[in-house]
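Novice: Each residue of the sequence shown is one higher than the one before, counting from 1 in the UniProt record's numbering.
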Amino acid sequence: MVNIDWSKLTFSYTKTNTMLCCSFKDGKWSEIESRTDDSIRLSAFAGALHYSVECFEGLKAFRGKDGKIRLFRPEENAARLQRSAKFLGITPPSTELFIEMCERAVKENLDFLPPYGTWASLYLRPTLIGSNPQLGVKSSRECLFMMLCSPVGAYTGGNLEPIKVVIARNYDRAAPNGCGCYKLGGNYAASLCSFNIASSQGYKAVLYLDPATKTYIDEFNSSNFFAIKGNTYITPKSDSILPSITNKSLEQAAAYLGMEVERRPIRVEELAGFDEAGECGTAVVITPVYQIDDKPYLESDKVTSYKFGSADACGEKSLKLYRFITGIQYGDIEDPFGWCRFIE
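1. Taking 8 Å as the cut-off, does the stretch 126 to 145 touch the stretch 264 to 272 (at least 3 CB pairs, one atom from each stretch)?
2. Applying the criterion that 16 or more other CB atoms from any shown protein chain within 10 Å of the CB defines a buried residue, is K317 buried or exposed?
3. Locate the alpha helix (DSSP H) running through G281, then write down its first and last residues.
4. Starting from the N-terminal side, write out each stretch of the beta strand (DSSP E) that is 3 residues or longer and does not extend beyond the stretch 130 to 187.
5. I'd like the span of the alpha helix (DSSP H) that includes S249, first residue to last.
6. On the three-state DSSP scale, how would you describe P211?
7. For I234 and E33, what's the separation of their Cα atoms in angstroms?
8. Are the beta-carbon atoms belonging to D275 and G230 less than 8 Å from one another?
9. Ordered along the chain, which non-local residues of its own chain (more than five positions away) have a Cβ less than 7 Å from that of A255?
10. Looking at the structure shown, is W339 part of a helix, part of a strand, or coil, going by DSSP?
11. How would you call F98, buried or exposed, if buried means at least 16 neighbouring beta carbons within 10 angstroms?
12. By Cβ distance below 7 Å, which residues in the same chain neighbour D66 in space, the five residues on each side in sequence not counted?
13. In three-state DSSP terms, what is I40?
14. Who are the near neighbours of D5 in its chain, counting only those whose CB is closer than 6 Å to its CB and skipping five residues on each side?
15. Is the beta carbon of P151 closer than 8 Å to that of P176?
16. G179 to L88, Cα distance in whole Å?
17. Using a Cβ-Cβ distance cut-off of 8 Å, determine whether W29 contacts chain B.
18. Looking at the secondary structure, which residues open and close the beta strand (DSSP E) in which F45 lies?
19. Just how far apart, CA to CA, sit K183 and E334?
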């Protein structure tokens, strides 16, 4: 057994028992290999290193109230990885191979699956990279698919702490007709400069606008945007944002709980009329936002502020949705959608 203080876990790296690897070469996938060392041997000319031929996913395994182990919607992650790989022109694992490696990674690292009641989980990071040596700018012929994992905390222990964020009008995370709607490492690299500046100013996240006109809300640097107005859940419709599985789940949950759901273009000025706002993603499900500052330039002192509820408490509707999703993940409530895949 490992000696971990589950209450002090953050969203950070912890060495586990094993990682799994599978290689695509000569038109076929190799056998799954289990490695105790999470280092890899890779050509210095690999496409992943020079041309960002790389995509990844993020999902979690939970130890439930009933003692059962649940994976949350792995089929959706498999489909999204396949979509990202198609964009890059590389070969993705089948859904069956993807799920087999997810389940095996959990079983081989059960010591690192946090106990129920700790608000922690085992985070899985499926990663697909172009591995063959190449000089030309082209899709890689060979790939390495890795299933990594690490125990992670729930950020706030179930008590959602609102944050302050900033709109970065003079920075973009994606280009019109670009790759913003795929889960590629390069998209996150594109957000680092503005995020680092915003972080130095005390902001916890950056909210980006549509890269073509800068009039509509897109998404945060690492998660989707949502808002609550009355009894309506509202989230942006855009071709340059990542289709979040958590956001999709929240939309379904909101409708199930009797709320109206709108996925549509959201003008920046609409922020003034929202009751609640937040980030949503795998890491924490929901992070409530109590203030959004809009600056003409991120480095500017000029600011227009939009405020939502209190800096001390999560909004009522956001908290209800959060508790519903996490209730399903931890087995506290019935899963009416069949989202969870059980691991024997």
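A virtual CB, placed ideally from N, CA and C, is assigned to each residue, including glycine.
Specialist: Reading from the atomic positions:
1. no
2. Taking the sequence shown and counting its residues from 1, one reaches residue 317 at position 317. Result: buried.
3. The residue labelled residue 281 in the question sits at position 281 within the sequence shown. Careful: G281 lies outside any alpha helix (DSSP H), inside the beta strand (DSSP E) at 276 to 281.
4. 143 to 152, 163 to 168
5. Start at 1 with the first residue of the sequence shown, and residue 249 comes out as number 249. Where S249 is concerned, the enclosing alpha helix (DSSP H) stretches over 245 to 256.
6. Counting from 1 along the sequence shown, the entry for residue 211 is found at position 211. It is coil, neither helix nor strand.
7. Locating residue 234 in the sequence shown gives position 234, where the first residue counts as 1. Locating residue 33 in the sequence shown gives position 33, where the first residue counts as 1. Roughly 43 Å separates the two Cα atoms.
8. Here residue 275 is taken as the residue at index 275 of the sequence shown, counted from 1. Here residue 230 is taken as the residue at index 230 of the sequence shown, counted from 1. Closer than 8 Å, so yes.
9. Looking up residue 255 in the sequence shown gives position 255. Closer than 7 Å at Cβ, skipping near neighbours: V261.
10. For the purposes of this step, residue 339 is identified with residue 339 of the sequence shown, where counting begins at 1. Coil at W339, not helix or strand.
11. As a position in the sequence shown, residue 98 is number 98, starting the count at 1. The residue in question, F98, is buried, as its Cβ has 16 or more Cβ neighbours within 10 Å.
12. Position 66 of the sequence shown holds residue 66. These residues qualify, in order along the chain: G331.
13. As a first step, residue 40 is located in the sequence shown; it is residue number 40 there, counting from the start. Reduced to three states, the DSSP call for I40 is coil.
14. Residue 5 sits at position 5 when you count from the first residue of the sequence shown. Cβ within range, chain order: n/a, list empty.
15. As a working mapping, residue 176 is identified with position 176 in the sequence shown. As a working mapping, residue 151 is identified with position 151 in the sequence shown. Not a contact, by the Cβ cut-off of 8 Å.
16. Residue 179 sits at position 179 when you count from the first residue of the sequence shown. Residue 88 sits at position 88 when you count from the first residue of the sequence shown. Checking the displayed sequence, the identity of residue 179 turns out to be Cys instead of Gly. Their backbone Cα atoms lie some 10 Å apart in a straight line.
17. The structure shown contains no chain B, having only a single protein chain.
18. Numbered from 1 along the sequence shown, position 45 holds the residue referred to as residue 45. Unbroken run through F45: none, as it is neither H nor E.
19. Reading the sequence shown from its first residue, position 183 is the one you call residue 183. Reading the sequence shown from its first residue, position 334 is the one you call residue 334. Distance between the alpha carbons of K183 and E334: 30 Å.
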